[in-house]
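Numbering (the working numbering), first residue to last: 591 to 1157.
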């Protein structure tokens, strides 16, 4: 590592003449300022470039842009949108601070590490980074202030995780030899390590954290934009302590390790209110824990911002504008059903409308909406709460999920007696919702009368705007997808802004099935799902596949996302 220090002065002195000429040509420096800078550099032994920055003789951005031009490395400003904390933690802290270099992202599907440095022409930085990380490396130029800011942030989060892990192992006996409520729960390193894991997950916009015991270690994975990424591995001896600490935070029974448990905890991280939903379950190697993160600071968008097409938006708004009936949103866990319902409630939330919800849990607090939290231990279930709130004169009722026959029947009756009922159901597509309700024990003629619309949805990753690459479909593949020949589309590439994945953010794809006369007749006759599906398509329903292909053709997502999300 000593070579890096040696190399800093020599390349800087060699290129300073070229940099100063560029600054003179651009009018950023004049001859008097340059002469003064040379005098200061000679007296202090500092490189001329650093004198120009440190002594305020030229703006740092301008000097770094000139330096980038001379070295052939692009100049970047580092912000949250262009920073991947996973890359920022790869370089040893001592080397990174000595060389003023830090990883900021990945490219080429994660094979190339993008390294920002305030000395981009230093030939030794690339070689040392390759040796330290094993990645291919692309160098970009950045201000020293930006580099140091990233290093400070990375140190406070992920770099400390390994140090805290080592400290925890040293300061505690093996957790397996202690009771679940032993001193490990109160051990400061364990507390700090869990805080680091959760804080980093929030910074990386993760929706879930998985703490998974393996045979010899504990694997930590984050789900970011719907895809799991391994983040770190910590010693297996810390697993029970971390789980116990998590149980204490979520008010769970730390002595019970044989059955699944779930709870929740509210935190403030970086000034943002965050809710954590905690679930534990026994596995052959110990208890696995999953933390679902609900960042309340992000708020709830409206339906257009969620990605609804004009066709779906018009149909859904028309259905939700009716004074009574049942609207269902279907899809697997994590498909954005609750977000869609909350956005719908925000549109319906007016001073003359009485809205009551029954949820488990209440994920977002909505002003002007009466929200009820299910409490099974106290006997407050979806069904019992629903029976009570129907006596509270609601106009709109939201049921977090229809889980059983009793809840389904009460919801149907509410829809038939002048209430607008919104809820979710776990089915793979919209037509299956009819069959599912009937299978739960609801009479077919009640489903036919009460149900007004079913919206199936999924979330697909959105291509990164900074690095997506245009491509074109060959005729055979275009034909198989039902797209016109020559349809343009884009593929993921990977850049610092998206962490090398090629994607940044998600949006909804939808399948809206409004109930028409033909569909109501089929529901009353207990028709098979495939018959209902064929009729819905014939009468104008756009499928999840159709909606995803719309986004592919618009360059918003990729064909690989179509294959990953849509069956």
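Glycine included, every Cβ here is placed at the ideal spot set by N, Cα and C.
CA-to-CA distance, residue j to residue i, given in whole angstroms
| i | j | result |
| --- | --- | --- |
| residue 617 | residue 628 | 17 Å |
| residue 961 | residue 1011 | 14 Å |
| residue 705 | residue 1081 | 24 Å |
| residue 611 | residue 639 | 12 Å |
| residue 841 | residue 1013 | 29 Å |
| residue 1134 | residue 1152 | 9 Å |
| residue 844 | residue 1008 | 47 Å |
| residue 748 | residue 789 | Reliability fails at residue 748, whose pLDDT of 48 lies under 50, so the model's placement of it is uncertain and the value that follows must be treated cautiously. Cα to Cα, residue 748 sits roughly 9 Å from residue 789. |
| residue 906 | residue 934 | 9 Å |
| residue 773 | residue 800 | Its pLDDT being 40, under 50, residue 773 is placed unreliably in this model, and the value from its coordinates should be taken loosely. Those two C-alpha atoms are separated by around 24 Å. |
| residue 1149 | residue 1064 | 13 Å |
| residue 776 | residue 832 | For residue 776, the pLDDT reaches just 41, beneath the cut-off of 50, and the residue's location in the model is therefore unreliable, leaving the point undetermined. |
| residue 609 | residue 794 | 37 Å |
| residue 838 | residue 884 | 19 Å |
| residue 835 | residue 879 | 11 Å |
| residue 996 | residue 973 | 6 Å |
| residue 1016 | residue 1043 | 15 Å |
| residue 993 | residue 950 | 11 Å |
| residue 712 | residue 1050 | 41 Å |
| residue 770 | residue 830 | Note that residue 770 scores a pLDDT of 39, beneath 50, so its modelled location is shaky; the value from the coordinates is reported in the next line. C-alpha separation (whole angstroms): 7 Å. |
| residue 765 | residue 850 | Unreliable placement is indicated for residue 765, whose pLDDT of 38 sits below 50; the coordinate value is still reported in the next sentence. Taking the straight line joining both Cα atoms gives about 20 Å. |
| residue 684 | residue 677 | 16 Å |
| residue 659 | residue 817 | 37 Å |
| residue 1026 | residue 1045 | 14 Å |
| residue 1028 | residue 1136 | 27 Å |
| residue 703 | residue 952 | 41 Å |
| residue 1072 | residue 1127 | 15 Å |
| residue 694 | residue 710 | 14 Å |
| residue 1167 | residue 707 | Past the boundaries of the shown model lies residue 1167; the chain is included only from 591 to 1157, so the question cannot be answered. |
| residue 767 | residue 965 | Any reading at residue 767 must be qualified, since the residue scores a pLDDT of 38, below 50, and its modelled position is unreliable; no value is offered. |
| residue 924 | residue 1002 | 25 Å |
Terminal residues of the beta strand (DSSP E) in which residue i lies
| i | result |
| --- | --- |
| residue 1162 | Outside the modelled stretch of the chain, which goes from 591 to 1157, sits residue 1162, for which no answer is possible. |
| residue 877 | 876 to 885 |
| residue 828 | First-last for residue 828: undefined, no H or E at that position. |
| residue 949 | 945 to 949 |
| residue 1042 | 1041 to 1053 |
| residue 1081 | 1078 to 1081 |
| residue 723 | Here residue 723 belongs to no beta strand (DSSP E); instead the alpha helix (DSSP H) covers 713 to 723. |
| residue 807 | 807 to 814 |
| residue 1061 | 1059 to 1062 |
| residue 960 | 960 to 963 |
| residue 919 | 915 to 920 |
Run of the alpha helix (DSSP H) containing residue i, from where it starts to where it stops
| i | result |
| --- | --- |
| residue 654 | 650 to 661 |
| residue 1122 | 1119 to 1128 |
| residue 683 | 683 to 689 |
| residue 970 | Segment: none, residue 970 is in no alpha helix (DSSP H) and carries neither H nor E. |
| residue 1107 | 1107 to 1114 |
| residue 1002 | 995 to 1006 |
| residue 930 | 927 to 938 |
| residue 701 | Where residue 701 is concerned, there is no enclosing alpha helix (DSSP H), given that its DSSP letter is neither H nor E. |
| residue 800 | Residue 800 -> not in any alpha helix (DSSP H); beta strand (DSSP E) instead, spanning 796 to 803. |
| residue 1070 | 1065 to 1071 |
| residue 673 | It is not in any alpha helix (DSSP H) - residue 673 carries neither H nor E in the DSSP assignment. |
| residue 905 | 900 to 910 |
| residue 1135 | 1134 to 1143 |
| residue 1152 | 1149 to 1155 |
Sheet register partners of residue i (DSSP bridge)
| i | result |
| --- | --- |
| residue 862 | 859 |
| residue 665 | 731 |
| residue 786 | In DSSP, residue 786 forms no bridge with anything. |
| residue 792 | In DSSP, residue 792 forms no bridge with anything. |
| residue 989 | 948, 1013 |
| residue 823 | 809 |
| residue 1023 | The partner list for residue 1023 (beta bridge, DSSP) is empty, contrary to what the question assumes. |
| residue 975 | DSSP, once it has assigned bridges, lists no residue as partnering residue 975. |
| residue 873 | 876 |
| residue 867 | 854, 882 |
| residue 726 | 702 |
| residue 692 | 706 |
Min CB distance residue i to chain D below 7 Å
| i | result |
| --- | --- |
| residue 1054 | The question asks about chain D, but that chain is absent: this structure has only one protein chain. |
Q) If we count Cβ pairs, one from each stretch, closer than 8 Å, do we get three or more for the region 1063 to 1079 versus the region 1102 to 1113? A) no
Q.
For the structure I just gave you, are there three or more beta carbon pairs, one from the region 817 to 826 and one from the region 888 to 906, closer than 8 Å?
A. no
Q) With contact counted as at least three CB pairs below 8 Å, one residue from each stretch, are the region 874 to 893 and the region 790 to 805 in contact? A) yes
Q: Could you tell me whether the region 1117 to 1131 touches the region 719 to 736, using the rule of 3 or more Cβ pairs below 8 Å?
A: no
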